[in-house]
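What follows is a set of notes on a single structure, which appears directly below.
2 protein chains.
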Amino acid sequence: MATIKEVAERAGVSVATVSRVVNHSGYVSNDLRERVETMMQMLDYKPSALARSLRRQETHTIGLLIPQLNQPFFSTLISAMEKTLFARDYRALICSSDEDAAKESAYIDILLRQRVDGVILVPTGHSTESIKRLLRAHIPTVMIDRDMPDLVVNRVLSDNYAGAYLGAQHLLALGHRQIALIGGPRHSQVLQDRVNGVQQAFRDFGTKFTPDLLILGTSPEFEVGYESALKLMQRPQPPTAIFALTDVIAVGVLHAAAELNLKLPEALSVMGFDDIPLANYVIPALTTIAQPIYGMGQTAVEILMRRLIDADRPPETIRLEDRLVIRKSTAPPPT
Amino acid sequence: MATIKEVAERAGVSVATVSRVVNHSGYVSNDLRERVETMMQMLDYKPSALARSLRRQETHTIGLLIPQLNQPFFSTLISAMEKTLFARDYRALICSSDEDAAKESAYIDILLRQRVDGVILVPTGHSTESIKRLLRAHIPTVMIDRDMPDLVVNRVLSDNYAGAYLGAQHLLALGHRQIALIGGPRHSQVLQDRVNGVQQAFRDFGTKFTPDLLILGTSPEFEVGYESALKLMQRPQPPTAIFALTDVIAVGVLHAAAELNLKLPEALSVMGFDDIPLANYVIPALTTIAQPIYGMGQTAVEILMRRLIDADRPPETIRLEDRLVIRKSTAPPPT
DNA sequence: ATTCGCGCGCAAAACGATTTATGCGTCATA
DNA sequence: TATGACGCATAAATCGTTTTGCGCGCGAAT
Numbered sequence: 477m478a479t480i481k482e483v484a485e486r487a488g489v490s491v492a493t494v495s496r497v498v499n500h501s502g503y504v505s506n507d508l509r510e511r512v513e514t515m516m517q518m519l520d521y522k523p524s525a526l527a528r529s530l531r532r533q534e535t536h537t538i539g540l541l542i543p544q545l546n547q548p549f550f551s552t553l554i555s556a557m558e559k560t561l562f563a564r565d566y567r568a569l570i571c572s573s574d575e576d577a578a579k580e581s582a583y584i585d586i587l588l589r590q591r592v593d594g595v596i597l598v599p600t601g602h603s604t605e606s607i608k609r610l611l612r613a614h615i616p617t618v619m620i621d622r623d624m625p626d627l628v629v630n631r632v633l634s635d636n637y638a639g640a641y642l643g644a645q646h647l648l649a650l651g652h653r654q655i656a657l658i659g660g661p662r663h664s665q666v667l668q669d670r671v672n673g674v675q676q677a678f679r680d681f682g683t684k685f686t687p688d689l690l691i692l693g694t695s696p697e698f699e700v701g702y703e704s705a706l707k708l709m710q711r712p713q714p715p716t717a718i719f720a721l722t723d724v725i726a727v728g729v730l731h732a733a734a735e736l737n738l739k740l741p742e743a744l745s746v747m748g749f750d751d752i753p754l755a756n757y758v759i760p761a762l763t764t765i766a767q768p769i770y771g772m773g774q775t776a777v778e779i780l781m782r783r784l785i786d787a788d789r790p791p792e793t794i795r796l797e798d799r800l801v802i803r804k805s806t807a808p809p810p811t
Numbered sequence: 477m478a479t480i481k482e483v484a485e486r487a488g489v490s491v492a493t494v495s496r497v498v499n500h501s502g503y504v505s506n507d508l509r510e511r512v513e514t515m516m517q518m519l520d521y522k523p524s525a526l527a528r529s530l531r532r533q534e535t536h537t538i539g540l541l542i543p544q545l546n547q548p549f550f551s552t553l554i555s556a557m558e559k560t561l562f563a564r565d566y567r568a569l570i571c572s573s574d575e576d577a578a579k580e581s582a583y584i585d586i587l588l589r590q591r592v593d594g595v596i597l598v599p600t601g602h603s604t605e606s607i608k609r610l611l612r613a614h615i616p617t618v619m620i621d622r623d624m625p626d627l628v629v630n631r632v633l634s635d636n637y638a639g640a641y642l643g644a645q646h647l648l649a650l651g652h653r654q655i656a657l658i659g660g661p662r663h664s665q666v667l668q669d670r671v672n673g674v675q676q677a678f679r680d681f682g683t684k685f686t687p688d689l690l691i692l693g694t695s696p697e698f699e700v701g702y703e704s705a706l707k708l709m710q711r712p713q714p715p716t717a718i719f720a721l722t723d724v725i726a727v728g729v730l731h732a733a734a735e736l737n738l739k740l741p742e743a744l745s746v747m748g749f750d751d752i753p754l755a756n757y758v759i760p761a762l763t764t765i766a767q768p769i770y771g772m773g774q775t776a777v778e779i780l781m782r783r784l785i786d787a788d789r790p791p792e793t794i795r796l797e798d799r800l801v802i803r804k805s806t807a808p809p810p811t
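Here is the structure:
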């Protein structure tokens, strides 16, 4: 690949002049500019981002550190961030921690070495240690979706507590009292907030939430939903509604219900959480708590960009609102 | 961030020695090694990948250029490639072309400037021009999923023709003759291969495939499936089976069928293509043609790695087999 | 006729690593 | 006592840019 030096030599100018042309900076006569530009074309010259980054001390690259890449919630988030970054002329280095603290830590080291300009991450939540390394190195960082309360850092969160409250309220208002909760292997704090929101709604309705209605699984989310729902519905006193704490879990629940020949939503109400694109297309269409996934990704990038421009900007926390989206999977309980 | 020079000065050695310690290359006495290592710890020294890449003329970074990031097929593919790359100590720069030739071209330029060691891409298929730029620059490249026949390049494909043949054969063997095909906005060549496979199966069964049973949509896949199925089933002679050319489309079809109160699979058989994780959890569980998605990602990386080691390696094309996975969404036609 | 300012271009010093060539003791061998 | 050989460490060149400081020539002002 041609270098700036070759271009300069063959155009009969100095490398500095070529650099000026490339960056549209400083003065350069039309005559020389043209000579340089045609020579760049001829040689297929592409400036080395490496050399430029080394010199400028900035890479225009952001690290995206995400627990899983093939989950609808995360892939939508990634898609949103990529689009926003591209529009701002930044690139994305993609890193999957696989919910594993060691891999997360390894990737943080890599990002440090790569001298990324910033990091957006959904922490595994297993440890703050590696994230602290990031902060000590003064890398602008935005945490998204999951919180780690004792860190001083930018955050973009959705209001899981309020969202779950909304969901539970909807079910309670429909008349349900036997409402089971199914949570997946995802980060415990998010889960906890949602459980808390549900419990508060129960309290506000003057009803008691019994712990035997809360099921937490460890297998992948589809399976958790499927297996838990199967067990739940075989109890002597099966619930009249299931609040799945993610949409993917809800899909598993729907599948179990179909297998048991339950007519939805009459025999069982199912509520999800997230509002992934699929939610509108399962059968029946899923009533769910919509997180503004795309907006979360966009906002995270924007906060990071602001921080990149103004290094002294104090960390901010943005908590986006969740909405109740009523579709076809919820109804009053059977009488 | 500390530099190698600072480490060298404070450890009282030359930068070359520090470099030796970092890379475990050449001779360095235990005494000095320890002095250097403790100093690296103290200063939180992380070697700059930028400087190293500039000097070594390799970045250990691969560009992943994909049409969409939030489609199950692609996100599974990305996940597979990330895992394989991480295991080999390579990083992934993620690029979404959004099925747009201009963005694809822009990203290829970026990857060239970033001096990535290689590129794995699913071409939009709108133009070969930008990909040719990649090849002219001698960047090791692997094309995946979609073919562009006139390029001399590594490929990892699945046998869409044979897969579609298998699917049609299954439906025909069940007794279906009115089999509709629904194709989405995805790349035309893949689509065409699948259509051809189906037509061949029809011929081999001595049946005629009529073009009015082929529907091609442009909206997102869920919608294409939903809307096309709705129209299809309102015809005077509705099909007894629908072969959706991707699983996501099939989900849309299932949704439409449910809305029309069709009992599946008795009233209508539905077949998908891809075997995304979701396929097993829709209702009824989707009979589909399984592409080895994970294997395709893995294979693409492996081919690239071989090419990285041996620059003269001739391009190879690997065509992985598709399998028929029979679940619950297909049955003999109503009599 | 100086001097100043300005438009334009160049040389050279960074940036932070790797790697080659070289130097300097020390020990064994002729 | 030379003479290598060897072990260890260093200085300096290099990768491909950006950017600072400097210089040159020319027209205008004093």
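Residue numbers (the numbering used here), protein chains in the order written: chain Z, 477 to 811; chain G, 477 to 811.
Glycine included, every Cβ here is placed at the ideal spot set by N, Cα and C.
It should be emphasised that the depicted structure is a prediction, and the values quoted were computed from it without experimental measurement.
1) Using 8 Å as the limit for Cβ to Cβ distance, is Asn630 of chain Z near chain G?
2) Verify the CB distance criterion: does Gly728 of chain G have a CB-CB separation below 8 Å to chain Z?
3) Any beta carbon of chain Z sitting closer than 8 Å to that of His500 of chain G?
4) How far does the alpha helix (DSSP H) with Ile584 of chain Z in it reach, from first residue to last?
5) Between the C-alpha atoms of Ser573 of chain Z and Tyr583 of chain Z, what's the straight-line distance to the nearest angstrom?
6) Give the residues of chain G in contact with Phe698 of chain Z, contact being defined as C-beta atoms less than 9 Å apart.
7) Find the residues of chain G that neighbour Pro523 of chain Z, judging by a C-beta separation of less than 8 Å, and give them in chain order.
8) Just list the alpha helix (DSSP H) runs in the stretch 726-811 of chain Z, keeping only unbroken ones of 4 residues or longer that don't cross its boundaries, in chain order.
9) Measure the C-alpha to C-alpha separation of Arg782 of chain Z and Arg789 of chain Z and round it to an integer number of angstroms.
10) Select from G:Pro687, G:Asp635, G:Ala556 the residue whose C-alpha is nearest the C-alpha of Val666 of chain G.
11) Which whole-angstrom value describes the C-beta separation of Thr806 of chain G and Met709 of chain G, a residue pair presumed to lie in contact below a C-beta threshold of 8 Å?
12) I'd like to know whether the C-beta atoms of Ala717 of chain G and Leu744 of chain G end up nearer to each other than 8 Å.
13) Starting from Met518 of chain Z and walking both ways along the alpha helix (DSSP H), at which residues does that stretch end?
14) Is the Cβ of Thr552 of chain G closer than 8 Å to any Cβ of chain Z?
15) Quick one: any contact between the stretch 585-595 of chain Z and the stretch 549-564 of chain Z, if contact means 3 or more CB pairs under 8 Å?
16) Could you tell me which residues DSSP puts in a beta bridge with Val632 of chain Z?
17) What is the DSSP secondary structure of Gly643 of chain Z, counted as helix, strand or coil?
18) With DSSP run on the structure shown, which of helix, strand or coil describes Thr552 of chain Z?
19) Classify Arg711 of chain G as helix, strand or coil using the three-state DSSP reduction.
20) Strictly under 8 Å for the Cβ-Cβ distance: is Ser495 of chain G near chain Z by that measure?
21) In chain G, which residues lie less than 8 Å from Asn546 of chain Z when you measure between Cβ atoms?
22) Restricting to Cα atoms, I'd like to know which of G:Pro696, G:Ser704, G:Ser524, G:Phe681 is closest to Leu689 of chain G.
23) Work out the CA separation of Pro548 of chain Z and Leu762 of chain Z for me, nearest whole Å.
24) According to DSSP, is Gly701 of chain G helix, strand or coil?
25) With a CB to CB cut of under 8 Å and the five nearest residues on each side skipped, what residues in its chain are close to Thr683 of chain G?
26) Which chain Z residues are close to Leu744 of chain G, counting only those with a beta carbon under 7 Å from its beta carbon?
27) Which class does Arg653 of chain Z belong to by DSSP, given the choice of helix, strand or coil?
28) With a cut-off of 8 Å, does the C-beta of His731 of chain G fall near any C-beta of chain Z?
29) In whole angstroms, what separates the C-alpha of Arg591 of chain Z from that of Ala577 of chain G?
30) Quick one: what's got a C-beta closer than 8 Å to Gly536 of chain G's C-beta in the same chain, skipping five residues either side?
31) Find the residues of chain Z that neighbour Met515 of chain G, judging by a C-beta separation of less than 8 Å, and give them in chain order.
32) Select from G:Arg799, G:Gln544, G:Thr775, G:Pro810 the residue whose C-alpha is nearest the C-alpha of Pro741 of chain G.
33) Can you tell me the Cβ-Cβ gap for Thr775 of chain G and Val632 of chain G, rounded? I've got them flagged as a contact below 8 Å.
34) Contact criterion: CB-CB distance below 8 Å. Does Met417 of chain G meet it with respect to chain Z?
35) Count the other C-beta atoms from every protein chain shown that fall within 10 angstroms of the C-beta of His731 of chain G, then say buried if there are 16 or more, exposed otherwise.
36) Suppose the cutoff is 6 Å on Cβ atoms and the five residues either side in sequence are ignored; what does the same chain contact list for Ile480 of chain Z look like?
Based on what the coordinates show:
1) no
2) Yes - at least one Cβ of chain Z is within 8 Å of the one on Gly728 of chain G.
3) Answer no: the Cβ-Cβ gap between His500 of chain G and chain Z never drops below 8 Å.
4) 577-590
5) 8 Å
6) Pro753, Leu754, Asn756, Tyr757
7) Arg589
8) 769-785
9) 8 Å
10) G:Asp635
11) That pair is no contact at about 16 Å.
12) yes
13) 506-519
14) yes
15) no
16) Beta-bridge pairing by DSSP links Val632 of chain Z to Z:Ile620, Z:Ile794.
17) helix
18) helix
19) coil
20) no
21) Pro548, Ser551, Thr552, Ile554, Ser555, Pro753
22) G:Ser704
23) 15 Å
24) helix
25) Answer for Thr683 of chain G: Leu648, Arg653, listed in chain order.
26) By Cβ distance, chain Z contributes nothing, its closest Cβ being about 13 Å from Leu744 of chain G, past 7 Å.
27) In the three-state reduction of the DSSP assignment, Arg653 of chain Z falls in the coil class.
28) yes
29) 30 Å
30) With the sequence shown as reference, residue 536 of chain G is identified as His, and Gly is not the correct amino acid for it. Only Ala525, Ser529, Asp565, Tyr566, Arg567, Asp593 meet the Cβ criterion.
31) Scanning chain Z for C-beta atoms nearer than 8 Å to the C-beta of Met515 of chain G yields nothing, as the closest lies near 17 Å away.
32) G:Pro810
33) 5 Å
34) There is simply no residue 417 of chain G to check, as chain G begins at 477 and stops at 811 in what is shown.
35) buried
36) If we look at Ile480 of chain Z and ignore the five residues flanking it on each side, its Cβ neighbours are Val491, Val494.
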